[in-house]
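For the sequence shown, position 99 (counting from the first letter as 1) is numbered 99 according to UniProt numbering, and the numbering increases by one without interruption. Okay, structure first, notes after.
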Amino acid sequence: MMTRGGIVTTARDGALRACRAGYRQVLLGTVVTVLSTLPAIAYAMDPESPEHEGMPQLNFANPLTTSQVVWMALILLAFYLLLSKWALPQVSQVVDDRNASIMGDLDSAHLAKAEANAAVEEMNDAIRRANLEGQAEIEKAVSTAKAKAQQEAAEAHARLERQLADAEARIASSRDTAMSALRDVATGTTQALIARLTGQSPAQDTVEQAVGQALAARS
């Protein structure tokens with residue numbers, strides 16, 4: 001993976017290469033133009049040339065023509081110096097400024113990315129904590145509900161045991177009351193029957209004992 005410095009260096013080198021290529025093309029075009037005029041100049045310098053008399057601007061015997069050539073050479077030299085000393089450094093400065101801007105943008109992007117990653121990590125931590133807290137609350141609620149249900153079940157069981165004991169006590173009391181009343185009725189009835197059949201009244205203790213044995217055998 002290419003680093004940030006590698007990206008910036010590659011962009012800067014590409015821009016410089018493009019500037020140098022354009023500069024070389026300009027110089028090459030100028031040189032080609034000058035070289036293409038050399039045959040015409042040499043031909044014009046020939047005194048025996050038919051155009052020598054008809055083209056005074058190419059007559060190098062004329063001092064004005066020589067001065068024009070010198071001025072053209074000076075202009076080309078000035079153009080070369082202008083490109084090499086001013087134009088190309090200006091372009092390089094623009095490229096450096098652009099690279100600095102790109103590096104600043106990349107730094108800002110990396111900072112924003114780091115902040116975004118930190119925010120995402122913080123959000124994930126919050127979600128994990130919320131899940132853990134939620135799970136703990138659920139387990140606590142379940143445990144509380146189980147304990148409450150067990151307590152209510154124990155209370156209901158104890159209440160039922162008390163109700164059952166009370167019912168058994170009432171039943172036993174009712175049975176004892178009924179048996180006592182039945183003993184009295186049976187004793188009285190037995191005495192009356194024996195007295196009627198035998199004409200004699202039996203002893204009450206004997207009748208009560210006999211009735212008690214009979215009731216005990218039936219209970």
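Virtual Cβ for every residue (Gly too), placed ideally from N, Cα, C. Keep in mind it's a predicted model, so treat the numbers as computed, not measured.
Judged by their CB atoms, R183 and G212 are nearer to each other than the 8 Å cut-off. Taking 8 Å as the cut-off, the Cβ atoms of T187 and E208 count as close. Within the model, the alpha-carbon separation for P202 versus A195 is close to 7 Å. Just measuring C-alpha positions, the residue of Q191, L88 and A216 sitting nearest D205 is Q191. CA-to-CA, the gap between A158 and A169 works out to about 16 Å. Annotation: the continuous alpha helix (DSSP H) that includes L106 extends over L88 to T198.
Here the C-alpha atom of S180 lies approximately 25 Å from the C-alpha atom of Q200. Each residue's CA atom was taken as its position, placing A145 and R128 some 25 Å apart.
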